[in-house]
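Engineer:
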Amino acid sequence: MPSEVIVGSPPFEALPNPGTTAIASPGSAALPAKDDRTLIERAQAGDRSAFELLVQRYDRQVLRLALNVLGSAEDARDVYQEAFLKIYRNLHRFRFECAFYTWIYRIVTNICLDHLRRRHSHPEEQPPLLRAASFEENRDGDFFDRQQGSGAHSDPERQVLGHEIGRRVEAALQSLSPRERMVFEMRHYQGMKLRAIGEALGTTEETVKNSLFRATRKLRTQLEGLR
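All letters in the sequence shown, in the order written, are residues 4 to 230 by my numbering.
1) Helix or strand or just coil, what does DSSP make of glutamate 85?
2) By the DSSP assignment, the alpha helix (DSSP H) with alanine 46 in it spans what residues?
3) What would DSSP say about phenylalanine 187, mapped onto helix, strand or coil?
4) Identify, in the order they occur along the chain, each residue of the same chain with its Cβ nearer than 7 Å to the Cβ of leucine 18, setting aside the five sequence neighbours on each side.
5) Considering just the uninterrupted stretch of the alpha helix (DSSP H) at threonine 210, what are its terminal residues?
6) Is it the case that the Cβ atoms of leucine 222 and proline 181 are separated by a distance below 7 Å?
7) Can you look up glutamate 173 in the DSSP assignment and give me helix, strand or coil?
8) Does DSSP classify glutamate 100 as helix, strand or coil?
9) Look up glycine 3 in the DSSP assignment and say whether it is helix, strand or coil.
10) Is it a yes or a no for the stretch 169-178 touching the stretch 200-209, going by three-plus beta-carbon pairs under 8 Å?
11) Return helix, strand or coil for leucine 179, following the three-state DSSP convention.
12) Within 10 Å of its beta-carbon, does threonine 112 have 16 or more other beta-carbons around it, so buried, or fewer, so exposed?
13) For the putative contact between alanine 76 and cysteine 115, defined by C-beta atoms under 8 Å, what is the C-beta separation to the nearest angstrom?
14) Would you report the Cα separation of proline 131 and glycine 74, rounded to the nearest angstrom?
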């Protein structure tokens, strides 16, 4: 392992503006044609440039996950920094027993869960709502479309309705337990499969399914009548 990492130098220097980052599938970033295993092995052997390529390959997913889960750019930045520092310091422990992105997501979700638990016990520290303005382009098509209904709306009406739905959904999300919110976010905002969520959270697919069911039921109850 490399002996040190300098936070504040590339690729840690700047984060994309929240809400504007495009997300690629794991491993699909436009980087030199090297698979994860090659880069990981090089980074484990002390090649810092290989680690930086890994960061570039996954940094957007990490940032978007943290931002969507926590709803705070400041908290997302903290998670981003903490996650990649932890990944860097523990990379020598990665043994290719799971996909690398699953290992990364496990680290990120644990850090996010810690933030959510602290916030859950101190509700006065809830961040301002960030998702309302960009709700239309970020929402998932199965759960949220049903909340909006199928009626026709002019563009201005649709925008106002979208913002109102975004505010209501964000307020409802605050009522979920940290794990319920994490599962819901990973499924509906990250588009992850139940099995992948279970692997990232270190639990079973059935447990994830139950958490998602509880979260969805709570949200539907709170959003009842919103059309």
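Even for Gly, the Cβ is constructed at its ideal location relative to N, Cα and C.
Structural biologist: Concretely, from the data shown:
1) If DSSP states are grouped into helix, strand and coil, glutamate 85 belongs with the helices.
2) Taken as a continuous stretch (DSSP letters only), the alpha helix (DSSP H) holding alanine 46 covers 39-47.
3) When secondary structure is reduced to three states using DSSP, phenylalanine 187 falls in the helix class.
4) Confidence is the limiting factor: at leucine 18 the pLDDT is only 40, short of 50, which leaves the residue's position unreliable and the question unanswerable from this model.
5) Threonine 210 -> alpha helix (DSSP H) spans 208-225.
6) With a cutoff of 7 Å on beta-carbon distance, leucine 222 and proline 181 are scored as not near each other.
7) Looking at glutamate 173 - three-state DSSP - the assignment turns out to be helix.
8) It is coil, neither helix nor strand.
9) Past the edges of the chain, shown from 4 to 230, lies residue 3, and the structure says nothing about it.
10) Put simply, the stretch 169-178 does not touch the stretch 200-209. Fewer than three CB pairs are less than 8 Å apart.
11) Collapsing the DSSP output to three states places leucine 179 in coil.
12) Threonine 112 is buried by the Cβ-count criterion.
13) About 14 Å separates the two Cβ atoms, so there is no contact after all.
14) Annotation note: pLDDT 48 at proline 131 (below 50); position unreliable, no value reported.
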